[in-house]
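Let me begin by presenting the structure, written as structure tokens, before commenting on it.
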Amino acid sequence: MSALLLNDEFKYLVLNTPAGWREGFGEGVRFLPGGGISLHPGQALAAIEGIGRLGGFGLDPRGNLYAIDAEDCRIYRYLKSENRFEPVACIGECGDGPGQFRFSPEPEGWAGLALNHSTLYVSDPLNQRVQAFYRYNYQLRYILGPNDALGRPIPRGLNLPRDLVLDSRGNLHLLDYGHRRVLKFNRFGMFRQITGEGILTRPEGIAIDRDAYLYALDARKRQVLKFDPHGQLVARLGDFSQIGTAFRPSGIAVDAQGLIYFGERRPGDDLKIHLLDPSGRYLGSFGEYSERCQQLLFDHAGNLYAACGTESGVALINGSGQFLAHGVYYSERFDSAEAGMEWHRITLGATLQEKTQIEAFFYVSDSLQTGEGEPITGQLIEANQWWKKALGTPQNGRHAGDGLLLKARGRYLWLKFELFGDGAHTPVVEQVRLFFPRLSYLRYLPATYQEEETGRDFLERFLSLYESFSYGMEEQIAQIARYFDPQSTPTEFLNWLGSWLALAADENWPEAKKRELIARAYQLYKKRGTLAGLREMVQLYTGAAPLILEHFRFLTPMVLGANVTLGMSSVVGKAFTQRLILEESSVIGDFVLEENEDPPEKPFEENAFDFTILANTSALAGESQEATLRRLIMDEKPAFTRACIRIRNNARMQLGSHTFIGVDTVLSRGFSAMRLGREAVLGRQTFVGSRYPCKGIIGARSRLAVDTILW
């Protein structure tokens, strides 16, 4: 779980990777993608009024919330600005007709709802079907059950269809609860495959990850079954032994990191949402609700929505700016590999915001089991209150980043962190270091200072203050080389490092590009004043290669034969000769005009040092960065040349002007629909035809191979 690192005197174990943190478990804490822990985001949206009894919910790709009211058999859309639901028009009544539904009257009865950009899917459990509606007008598209959208029979039909999830390709996965299986349909409603038949015993929910792997929560087996996109079982996940024997899982979701979230269902008001890592190892829990958790669902932004508890509503768990007030994390054991090891000190890399704090505790032992043979875990230590405080309570908003581990003798060490916040802020723990063996500055004092135990203990703690200051400075000195690396140097040192290379500080350079500039400065300086060097510098700043046109390359001279004299009777093109200019002191008759031939390179000199540069600045932000680009070009071009700078920031093709693909032209699949009046869109609500009657016209909303068949 941790890396063993060495210096001249100490060994230390470090915990700073995502995998290392996940080897422990917590309650009310979140594992950060880059490594570390924080308080878990709390509820930002309480129970919502306007629905009689929530029977299911879903999210569209933009994060809009839709919900089922099982009492009046209607679908509702949540209005964030007004904190209320409004009914979806055209569909919803209790019955068995098209656009009507029959939901279970029991609180445990649950229906599914899923949405993509074009279609709304609603499971209709008591009618044994799933209905699909167009989202832009909520007209019925097709019905699944007992046949698919093409009228082909579904094997054994549907029996209490419940959860609905969509994968990244638009395929619909349907939990056929009565038949204990999952059915897959493509985006046109055609039946494709059966998953989990004969394997699932009591499925309580399904979820899909970004790689189209299906997860099914089996309450009877107390497992999460993972299936590949072809419906083959690839893993049985879940270690629920740390939760309790009365635990019954209910509701499941998978986030972008592959973490598995699931709720529970049992009597009581202390139920929680639990986490598994991608391998199925238990990570802990957070939240608190009563009786049951019906559904968990992530939106595309990574926010977790939950329908948990007895109240009718949906809670946004990952609400921005909202966190739980308290969380606890228990680490996996740290192993010094030596019995009787005396641990020395702990250092903590943490970020503390206002009104937040962190407390750290430790426990050491030479054994992995208690005297009764029970394995030692963080929960066991918590139950027996064997923890010792490692870092004291912060004073005046400040937190000690390191502490001395007193009377810490044993091969193994466990850590416990308690995180506190005010609901609006959270502390973050990013890194932990544990130093061993015990080597304090006391060893540099005469032996008389080490003879008496009480005095020795005081001196060790007192000298540890100076040790912390000294070690911190020595560590920075030892790592001074990282300040010379443009990719790792802190942001505040970038301008200082750039000044070593004569790079002027410019606030309009984004940090990432400034780091790349410093890293490539040596190679770019070798090309300075050249065409290639100018092109690379502009590409580095704008993200797109410019087009540089040297004017002399477009001058095609005419070469006349030896006996042909041009200019006797005609002139071709513009004359390159210069006019005669006399100074003020010149007097006619006092000077002689002599005819000299122009040098042969004279016709070419006028355009020899001119060039035009076309740069695409669509990736730049504002006029200030465009001004920086102009200064950059003037600094990087040869001093004797004249530059004509053309900046295109809209990347649109202009007929009659220079057009260059990749510079000022973008070929795209996007288009804007032509609108007639306010509502009519050409190709949807309208069609262009002849004034003479014609048979065989297909309606505006008809689509071939979807809802129209040509006979």
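Count along the sequence shown from 1, then add 3; that gives the number in this note's numbering. Cβ coordinates follow ideal geometry from the N, Cα and C atoms, glycine included. Keep in mind the model is a prediction, meaning the values are calculated, not measured.
Check: DSSP bridge partner residues for residue 417 (one or two, in chain order); Outcome: 366
Check: Residue from 127, 444, 281 and 290 whose Cα sits closest to the Cα of residue 273; Outcome: 290
Check: Unbroken beta strand (DSSP E) run spanning residue 21, endpoints; Outcome: Segment 21–25 is the alpha helix (DSSP H) holding residue 21; no beta strand (DSSP E) there.
Check: Spatial neighbours of residue 152 in its chain, beta-carbon cut-off 7 angstroms, leaving aside the 5 residues before and after; Outcome: 145, 191, 192 and 193
Check: Nearest to residue 137 (by Cα), restricted to the options 94, 507 and 23; Outcome: 94
Check: From 266, 182, 391 and 256, residue whose alpha carbon lies closest to that of residue 250; Outcome: 266
Check: Residue 485, enclosing alpha helix (DSSP H) - first and last residue; Outcome: Unbroken run through residue 485: none, as it is neither H nor E.
Check: Selected residue, minimal CA-CA separation from residue 391, among 470, 295, 378 and 410; Outcome: 410
Check: Residue 384 classed as buried or exposed, judged by whether at least 16 other C-beta atoms fall within 10 angstroms; Outcome: buried
Check: Counted within 10 angstroms of its Cβ, other Cβ atoms place residue 98 as buried (16 or more) or exposed; Outcome: exposed
Check: With 16 other Cβ atoms within 10 Å as the buried cut-off, status of residue 326; Outcome: buried
Check: Three CB pairs or more closer than 8 angstroms across the segment 106–126 and the segment 71–87; Outcome: yes
Check: Between the CA atoms of residue 648 and residue 579 - distance to the nearest angstrom; Outcome: Its pLDDT being 48, under 50, residue 579 is placed unreliably in this model, and the coordinates cannot settle the point.
Check: C-alpha gap between residue 131 and residue 199, whole angstroms; Outcome: 19 angstroms
Check: Cβ-Cβ distance between residue 650 and residue 537 below 8 angstroms; Outcome: no
Check: Buried or exposed by the 16-neighbour rule on C-beta atoms within 10 Å, applied to residue 674; Outcome: Reliability of the predicted coordinates at residue 674 is poor, the pLDDT of 46 falling under 50, and the value obtained from them is presented with this limitation in mind. The residue is exposed, with fewer than 16 neighbouring Cβ atoms inside 10 Å.
Check: Given residue 613 as reference, the closest of 642, 634 and 631 once Cα atoms are compared; Outcome: 642
Check: Cα-Cα separation between residue 370 and residue 358, rounded to whole angstroms; Outcome: 38 angstroms
Check: Residue 114 vs residue 55 beta-carbon contact at 8 angstroms; Outcome: no
Check: Residue 520 to residue 41 span [Cα, whole Å]; Outcome: 35 angstroms
Check: Endpoints, the alpha helix (DSSP H) within which residue 551 is located; Outcome: Not the alpha helix (DSSP H): residue 551 falls in the beta strand (DSSP E), residues 550–553.
Check: C-alpha gap between residue 540 and residue 531, whole angstroms; Outcome: 9 angstroms
Check: Contact set for residue 157: own chain, Cβ-Cβ below 8 angstroms, skip 5 residues either direction; Outcome: 147, 148, 149, 150, 151, 186 and 194
Check: Where residue 449 sits in the DSSP three-state scheme; Outcome: coil
Check: Residue 302, DSSP secondary structure in three states; Outcome: coil
Check: Secondary structure of residue 502, DSSP reduced to three states; Outcome: helix
Check: Option nearest residue 229 by Cα separation, candidates 203, 461, 444 and 627; Outcome: 203
Check: Contact between the segment 481–489 and the segment 460–468 (3+ Cβ pairs under 8 angstroms); Outcome: no
Check: Same chain, Cβ closer than 7 angstroms to residue 618, neighbours up to 5 away in sequence not counted; Outcome: 541, 545, 549, 632 and 650
Check: Inside the segment 263–309 only - beta strand (DSSP E) runs reaching at least 3 residues; Outcome: 263–267, 274–279, 285–292 and 296–301
Check: 8 angstroms Cβ cutoff met for residue 487 and residue 500; Outcome: yes
Check: Cβ distance (whole Å) where residue 415 is taken to contact residue 27 below 8 angstroms; Outcome: Contact flag wrong, Cβ pair sits at about 14 angstroms.
Check: Continuous beta strand (DSSP E) stretch holding residue 178: start and end; Outcome: 175–179
Check: Residue environment, residue 400, which counts as buried when at least 16 other CB atoms sit within 10 Å; Outcome: With a pLDDT of 48 at residue 400, under the threshold of 50, the predicted position of this residue should be treated as unreliable, though the coordinate-derived value follows. Classification for residue 400: exposed.
Check: Whether residue 307 touches residue 256 by CB criterion (8 angstroms); Outcome: yes
Check: Closest Cα partner of residue 517 within the set 535, 496 and 638; Outcome: 496
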